[in-house]
Amino acid sequence: MTVPLDRHYLVELQVSTERVSQLRRIVAAHLRHWSLELHIRPVCRAVEELLTNVQRHVGDDNTCVLEIRWSGRHLTVSVADNGAEMPRLLHEGGGLSRVMALSDSWGTCRTTEGKVVWFTRYAQEPQHIERVPLPPLPGVREFRRPPAVVTDFPAATPARTDDHTHTPALV
């Protein structure tokens with residue numbers, strides 16, 4: 001599958017606290033550019049978790065690679081590092097538990113240099129709906145009618161009773 005160049009971002013970096021917040025802003029900018037505003041918060045939180053895990057478990061002096069790909073249907077984010085230890089999902093919560101909660105799928109795989117941790121989110125291309133102004137709705141004036149004027153009132157006639165049924169009959 002070929003991904004257009006404007007739907008792919010790759011950066012190699014040394015992880016630090018300052019760099020994590022900077023990459024969070026960069027990822028948010030790419031998602032805005034791709035019209036994926038609804039995904040900014042969860043994706044940026046998951047990216048922050050993955051990068052923080054690299055910093056905590058691999059170390060500040062090691063480099064990692066952050067990659068984001070959007071196919072038009074799925075957004076895939078991966079972080080590759082040169083650490084030998086594979087991440088584990090802890091029962092008491094933590095980084096990977098948050099990533100799991102913020103994504104549709106996630107996983108890890110060993111590489112010759114270390115490992116890759118990735119997650120995906122379903123992110124379909126937004127449908128662009130043309131915004132055409134609608135004609136104004138009818139206002140009160142169109143529905144307000146002047147009251148009908150009645151000049152002649154019919155004379156009221158007293159009701160008669162019918163001898164057979166003893167109920168009043170109208171004339």
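Under UniProt numbering, the sequence shown has 87 at position 87, and the numbering climbs by one with no breaks. Glycine included, C-beta positions come from ideal geometry on N, C-alpha and C.
Whole-number beta carbon distance between residue j and residue i, since they are thought to touch under 8 Å
{"i": "Thr111", "j": "Ala80", "result": "7 Å"}
{"i": "Glu125", "j": "Gly72", "result": "5 Å"}
{"i": "Val77", "j": "Val43", "result": "6 Å"}
Of the listed residues the options, nearest to residue i (C-alpha basis)
{"i": "Gly95", "options": "Ser105, Leu50 and Val58", "result": "Leu50"}
{"i": "Leu23", "options": "Leu36, Ser35 and Tyr9", "result": "Tyr9"}
{"i": "Val47", "options": "Leu66, Val132, Ser35 and Asn62", "result": "Leu66"}
{"i": "Ile39", "options": "Ala123, Val132 and Pro135", "result": "Here residue 39 turns out to be His, not Ile, going by the sequence shown. Taking only the C-alpha atoms, the option nearest His39 is Ala123."}
Buried/exposed call for residue i, threshold 16 Cβ in 10 Å
{"i": "Leu75", "result": "buried"}
{"i": "His57", "result": "exposed"}
{"i": "Val149", "result": "exposed"}
{"i": "Leu31", "result": "buried"}
{"i": "Ala101", "result": "exposed"}
{"i": "Gln14", "result": "exposed"}
{"i": "Ala29", "result": "exposed"}
Residue i versus residue j - alpha carbon distance
{"i": "Glu85", "j": "Asn53", "result": "11 Å"}
{"i": "Gly114", "j": "Arg69", "result": "21 Å"}
{"i": "Glu37", "j": "Asp104", "result": "17 Å"}
{"i": "Val3", "j": "Arg121", "result": "Per-residue confidence for Val3 stands at a pLDDT of 49, beneath the threshold of 50, marking its modelled position as unreliable; no derived number is given."}
{"i": "Arg7", "j": "Arg41", "result": "18 Å"}
{"i": "Thr63", "j": "Val116", "result": "13 Å"}
{"i": "Thr17", "j": "Gly59", "result": "12 Å"}
In DSSP terms, what residue i is bridged to
{"i": "Val117", "result": "Val79 and Thr108"}
{"i": "Leu66", "result": "Val11 and Val79"}
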